[in-house]
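The structure appears right after this line, and notes come after that.
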Amino acid sequence: MERLSDKLEESEKDRVRRETELLSKINALEAKLSALSEQALHAAAKEAAREVFEKMVTDRKLDSLSDQVQGGTKGLPNKID
Numbered sequence: 006m007e008r009l010s011d012k013l014e015e016s017e018k019d020r021v022r023r024e025t026e027l028l029s030k031i032n033a034l035e036a037k038l039s040a041l042s043e044q045a046l047h048a049a050a051k052e053a054a055r056e057v058f059e060k061m062v063t064d065r066k067l068d069s070l071s072d073q074v075q076g077g078t079k080g081l082p083n084k085i086d
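Following this note's numbering, the numbering of the sequence shown begins with 6 at its first residue and continues without gaps.
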């Protein structure tokens, strides 16, 4: 009977040890997932900011070009004889 009790106790210790190892691995994986998610979020935000900046630059260039075209024709006759 005592041997059976010892075996059960050893089995329980082994189960607790394996459970602790698994929980540790799960926690490590969750930390990695959080880090990767944060990196992905930063990458997406960086890409969105880049796109907004490029659009602003493009819009500004178009506005500047439009101003040049309109300003460049001032003082000239509307039609050439």
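Where is the CB? At the ideal position from N, CA and C, for every residue including glycine.
Express the C-alpha separation of residue j and residue i in angstroms, rounding to a whole number.
i: glutamate 15; j: asparagine 32; result: 26 Å
i: glutamate 35; j: valine 21; result: 21 Å
i: lysine 30; j: arginine 23; result: 11 Å
i: valine 57; j: arginine 65; result: 12 Å
i: glutamate 59; j: lysine 37; result: 33 Å
i: alanine 45; j: glutamate 52; result: 10 Å
i: threonine 63; j: leucine 27; result: 53 Å
i: methionine 61; j: threonine 25; result: 54 Å
i: alanine 48; j: leucine 41; result: 10 Å
Might you give, ordered along the chain, the residues of its own chain that have their beta carbon closer than 8 Å to the beta carbon of residue i, omitting 5 neighbours on each side?
i: glutamate 7; result: none
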